[in-house]
Structures are given as C-alpha cells and as structure tokens.
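S.K.: Structure below; questions to follow.
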Amino acid sequence: MSAWHITIGLEVHCQLLTQAKLFCQCGTDYIGKPPNSLVCPVCLGLPGSLPVMNHYAMQLAIRTASSLHCQLLPKVVFHRKNYFYPDLPKGYQISQYDLPIGVNGYFEFLTQGEKKQVRIKRVHIEEDAGKLIHEGINLPENSSGVDFNRCGIPLVEIVTEPDLHHSEEARDSLIALRDLVRFIEVSDGNMEEGSLRCDANISISSHPDQMGAKVEVKNMNSFRSVFRALEYEIDRQKRCLEEGNCVPQETRHWDEINEVTVSSRGKEDAEDYRYFPDPDLLPYLVQEEVIQQIESSLPELPLERKERFMIDFELTEQDANVLVQDKSLADFFEICIQELNKPKFIANWTITEVLKNLNALDIDIKQSKITPSSFMELLKMIDKKEISGTIAKTILEEMFQAGGRAKEIMAKKGISQINSEKEIEKIVRQVIEQNPQSVADFLGGKEKAFHFLIGQVMKTTRGQANPDLVKSILNKELSAEG
Ligand code: ZN
Ligand code: MN
225 MSAWHITIGL EVHCQLLTQA KLFCQCGTDY IGKPPNSLVC PVCLGLPGSL PVMNHYAMQL
285 AIRTASSLHC QLLPKVVFHR KNYFYPDLPK GYQISQYDLP IGVNGYFEFL TQGEKKQVRI
345 KRVHIEEDAG KLIHEGINLP ENSSGVDFNR CGIPLVEIVT EPDLHHSEEA RDSLIALRDL
405 VRFIEVSDGN MEEGSLRCDA NISISSHPDQ MGAKVEVKNM NSFRSVFRAL EYEIDRQKRC
465 LEEGNCVPQE TRHWDEINEV TVSSRGKEDA EDYRYFPDPD LLPYLVQEEV IQQIESSLPE
525 LPLERKERFM IDFELTEQDA NVLVQDKSLA DFFEICIQEL NKPKFIANWT ITEVLKNLNA
585 LDIDIKQSKI TPSSFMELLK MIDKKEISGT IAKTILEEMF QAGGRAKEIM AKKGISQINS
645 EKEIEKIVRQ VIEQNPQSVA DFLGGKEKAF HFLIGQVMKT TRGQANPDLV KSILNKELSA
705 EG
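Position in the sequence shown counted from 1, then plus 224, gives you our numbering.
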C-alpha cells in the first residue's frame, strides 16, 4: 500500500478576557454561577433588544490577529449565522463571514525539535452560545435545562490552513497557540474550563495532490484528547480506505470515555447557515492608529522568547517551554537572572520547586507571596552553600505559605545549618554504627549504600547538616572502617 497523506487543519475558539459580553453589559465570569444569572434581554435574544458592540473585545481580537501576522481588514462586518439549536435563543449566532478581522496570517511553533509554520486562514470574532444541561441540577425527569450564562460571551475564532500532517504536530501547534493567546493576554486559554476549544478537520488520501473527504472532529477537551482523537481518526480512515470503502464527509464527536470518535451529523455547507450582514450592527471601521497602537503594544511572542532563552541562557527546549508557558513566570525568571547570573540553576529551581508550590496552592506567580528578590536571596544562600537544598525547600514552602524573607523564616523556625565538623562527625559515626549492613555494602563496592548513609545523616539532622561536610566526613569515616 502506498503511503497515506494526512492533512489536518484546526479551528480554535478562545474566550476573550473581557468583563462584559460582546453585545451587552452582562458579566462573563460564569464559572460557579447559578444558571441564567448572567443574562439580559440582549443575550437572551428577546424581541426588540439591540446589540451594542464591546470595543475592548474587538481590540483583543485585533491583537490576536496581529500576533498571528494576519492582514488586518480596515472594515469588519458582522454576519448572522443562522441555525436552530436550543442553546441559541436568537436562532442565529452573530459572527463574521467575508470581512473578518484578519486573513492570511501564519504562526510558528516547535515540534519534536523542529520549527514549523502553519498558515492562518482567518481570525474572526463571534459570540458564544449557551449550554444544555442534562444532569446535576433539579430537573424534572427526562428533561434538559439550558443555561444562557455563556451566551454572548466574546470568542475569537482562529482557523488554520490544513498545514499539519501528524497528530503530534496538531497537538503541539495547539499548545503553541494556547501559549500565544495567554502571552498576549487576550485569553486565559484554559482548555479544561472551556475557554479554549478546538475542532480539527482531518482528511486522508493516497495521493499527495488530492485531499480526502473532510471529517470534522469535535468535543476534545484537552491537548491529550486532541492527540488521541486524531490518532484514532487516522487509523479509522486508513482502515476504511484500505477496505475499499470511502470515508464520508461528516462531523464526529470524540468520546472521551471509550476513546473513539462517533458520527454525529452530516457536515453543513457554508450556504446552509444563510449568512447575511446583521442589520442591527454597523460595519466596524478599524482605524490605522488603533492598529499601530495594538501592534506596538505586543510583547515578544512566546516562540521568540523560547528561542532567546535557549540561546542566551543555554536552556533546553523543554525547560524553555515550561518557563514560557506563562508570561509572568518568564518575566519572573528574567528578573531573577539580573540578580544572580546562573540561569540554569535558577531555571531548575523555578521549574521544580516554584511550580510545585504554585500548583499546590493553585495560583500563578503573580498571585504568590514570593518576589524575585526574596527568591534570589534564598538561591544565593544555596549557591554559597550556607544552606542545603533540603532546608531551602522547607524555607521556600514557608515563603509561599506565609511570605517573608529566608533569613526571617530561619530565625523564626530555628533553622540553621550545622557547620560544626565535630557535631557532624558524631552523627556520622552514629549512623555508621546503626547501619552495619549498608557500611558492608559500601565497602563491597555498592555506591548506592553511600547515598543511603548520607540520607540517614540528613534525616537525623532534619536536613540541616552541611551536605558537603557530610559527604567528606562520611567518606573519611568509611575509609577508616575499610
Ligand atoms: Zn446580556
Ligand atoms: Mn465558530
């Protein structure tokens, strides 16, 4: 069988970080709110209500298009996309059609050590729909509820050209897009909470110049499910074609539990939506000054920053990826480096310990009680061997919990480093006495036993013994044994 040609394009919806909805003053902070508590006549689509455009949402969408190197259109028009669904009270979604915010852009990302480019077909703004609820609230039997809180929340939709050819590539490009929208502060890009949603179009053919039937896969709620769903589809479509059948053009849903895609409906053609300009909204004229102002306020983009971190600070791609995932963390890291020129050392502590503490508290670095200066004070103490890594971890945890500087915490908690050779010798001898088997193992050539003995000394001193001294004293004492 000849090789299969796989073509994947993505359609990504990101919830824009606005306080108000796209065409009314209702709030957008719907998580945890009772159903239908953030609604008004406009977002409920009641007759006689009129939409009023949220300029800030438009600016965020322009910012997105600009960061994706799109050509920005001077005149943007809102269209009605007509379809009936219970979560869409107006019977149409206000979206954009032939005059979107931006067209013909591109973005670059790293995948498996290589830089790839994906062309962006278009970027437009549209309103979100509501949500059907089938369980979990007080509903009469055999009925569903509808929550309109999300209805009218501004989304930016990013449509790529079909430039992706593997599931890994699709996943990595989506992660890079998430990083981008977070970096330029237009969306929190949280896939689990639904503020970033991705549909994928995938087709397979046996001929490189021919596209196979387009299958749209929806309902993927994590980067992992995007990868798994595409792997599944590639496999399914290949088998279909190999058996001599053709793959029908359709929409399929990813079933997270059974890890399969399931056919849901035939794919509508664009015409089925009967797009026409919304008569309630004037075309939006994008002023040149606004574009210039937005362009000049764009930060260094994540990929550029990643590459700079890898070159200037000699970080691995993996480390750079982690640091650049969050702009405030990348900023934090760069301020730290100005205080102590040991990027690799700082990166290690940031990626392991700082992130561990942030995750435990479920906050980001901006919300934390730690500052670059207090963090560097601690790292300088480790660097000068004034404290061990173990003590430093304890202090750091306290800095995250209660704030404060390392030295204050040490004084308050009675933590100090044991630097007395005599004292350490005493403990080392005691550990040697209590662990004859490990001593014998070490003398028999087992290197592991040495680390175990060090661990015992550190445990006895609650991590407070100077680790270099412990090492050299243990070495000395053990060679006396042998
Ligand atoms: Zn409203
Ligand atoms: Mn859409």
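The beta-carbon is built from N, C-alpha and C at its ideal position, and this holds for glycine as well.
Could you name the residues of the same chain whose beta carbon sits closer than 8 Å to that of Asn278, not counting the 5 residues immediately before and after it, in chain order?
M.R.: Here the set comprises Thr242, Ala244, Lys245, Leu246, Phe247 and Pro378.
S.K.: Are Cys375 and Pro310 touching if we call contact CB-CB under 8 Å?
M.R.: Result no, Cβ atoms of Cys375 and Pro310 do not sit closer than 8 Å.
S.K.: Report whether the distance from the Cβ of His303 to the nearest heavy atom of the ligand MN is below 7 Å.
M.R.: Not under cutoff, so the answer is no.
S.K.: Looking at Glu350 and the ligand MN, is the gap between the Cβ and the nearest heavy atom below 7 Å?
M.R.: Yes, the ligand MN has a heavy atom inside 7 Å of this Cβ.
S.K.: Along the chain, which unbroken stretches of the beta strand (DSSP E) at least 3 residues long are found entirely within the region 359-439?
M.R.: Complete beta strand (DSSP E) runs here, min 3: 369-371, 378-384 and 420-429.
S.K.: Would you check whether the ligand ZN has a heavy atom nearer than 7 Å to the C-beta of Gly613?
M.R.: Not under cutoff, so the answer is no.
S.K.: Can you tell me whether Gln680 is buried or exposed, with buried defined as 16 or more other CB within 10 angstroms of its CB?
M.R.: So Gln680 counts as buried.
S.K.: Does DSSP put Val694 in a helix, a strand or coil?
M.R.: Looking at Val694 - three-state DSSP - the assignment turns out to be helix.
S.K.: Using the C-alpha atoms, what's the distance from Glu467 back to Glu558?
M.R.: Roughly 56 Å separates the two Cα atoms.
S.K.: To the nearest angstrom, report how far apart Val342 and Leu297 are at their CA atoms.
M.R.: Approximately 20 Å between the Cα atoms of the pair.
S.K.: By the three-class DSSP mapping on this structure, what secondary structure does Ala227 have?
M.R.: Looking at Ala227 - three-state DSSP - the assignment turns out to be coil, as it is neither helix nor strand.
S.K.: Going straight from the alpha carbon of Glu541 to that of Asp412, what length do you get?
M.R.: Going from the Cα of Glu541 to the Cα of Asp412 covers about 23 Å.
S.K.: I need the boundaries of the alpha helix (DSSP H) containing Val548, first residue and last residue.
M.R.: Looking at the DSSP string, the run of the alpha helix (DSSP H) that includes Val548 is Glu541 to Val548.
S.K.: Please determine, among Glu645, Glu338, Glu622 and Asp403, the residue with the shortest C-alpha to C-alpha distance to Lys636.
M.R.: Selected option, being the one with the closest Cα: Glu622.
S.K.: Measure the alpha-carbon distance for Gln352 versus Ile678 and round it to whole angstroms.
M.R.: The sequence shown places Asp at residue 352, not Gln. Computed Cα separation, rounded: 59 Å.
S.K.: Could you tell me the distance, in whole angstroms, from the CA atom of Lys631 to the CA atom of Leu620?
M.R.: Their backbone Cα atoms lie some 11 Å apart in a straight line.
S.K.: What does the alpha-carbon distance come out to for the pair Ala285 and Ser319?
M.R.: If I take the Cα positions, the gap works out to 13 Å.
S.K.: Measure the Cβ-Cβ separation of Ala424 and Val405 and say whether it is below 8 Å.
M.R.: Against a cut-off of 8 Å, the Cβ pair of Val405 and Ala424 comes out as no contact.
S.K.: Tell me which same chain residues have a C-beta within less than 7 Å of the C-beta of Asp692, skipping the five on either side of it?
M.R.: The residues are Lys609.
S.K.: Looking at the unbroken beta strand (DSSP E) that takes in Phe331, where does it start and where does it end?
M.R.: Run containing Phe331: Gly326 to Thr335, per the beta strand (DSSP E) assignment.
S.K.: Confirm the yes/no value for this check: CB of Glu440, any heavy atom of the ligand MN, distance under 7 Å.
M.R.: No, the beta carbon of Glu440 sits no closer than 7 Å to any heavy atom of the ligand MN.
S.K.: From the DSSP output, in three-state form, read off Ala704 for me.
M.R.: Correct three-state label for Ala704: helix.
S.K.: Rounded to the nearest angstrom, what separates Ser487 and Glu480 at their Cα positions?
M.R.: Between Ser487 and Glu480, the C-alpha separation is close to 14 Å.
S.K.: Under three-state DSSP, which class holds Phe500?
M.R.: Note: Phe500 maps to strand in three-state DSSP.
S.K.: Using 8 Å as the cut-off, can you tell me whether the region 437-453 makes contact with the region 250-257, which would need three or more C-beta pairs spanning the two stretches below that distance?
M.R.: These segments do not touch.
S.K.: Could you tell me if Ala704 is buried or exposed, where buried requires 16 or more neighbouring beta carbons within 10 angstroms of its beta carbon?
M.R.: Under this definition Ala704 is an exposed residue.
S.K.: Does the Cβ of Met225 have 16 or more other Cβ atoms within 10 Å, making it buried, or fewer, making it exposed?
M.R.: Confidence is the limiting factor: at Met225 the pLDDT is only 49, short of 50, which leaves the residue's position unreliable, though a coordinate-based value still follows. Met225 should be labelled exposed.
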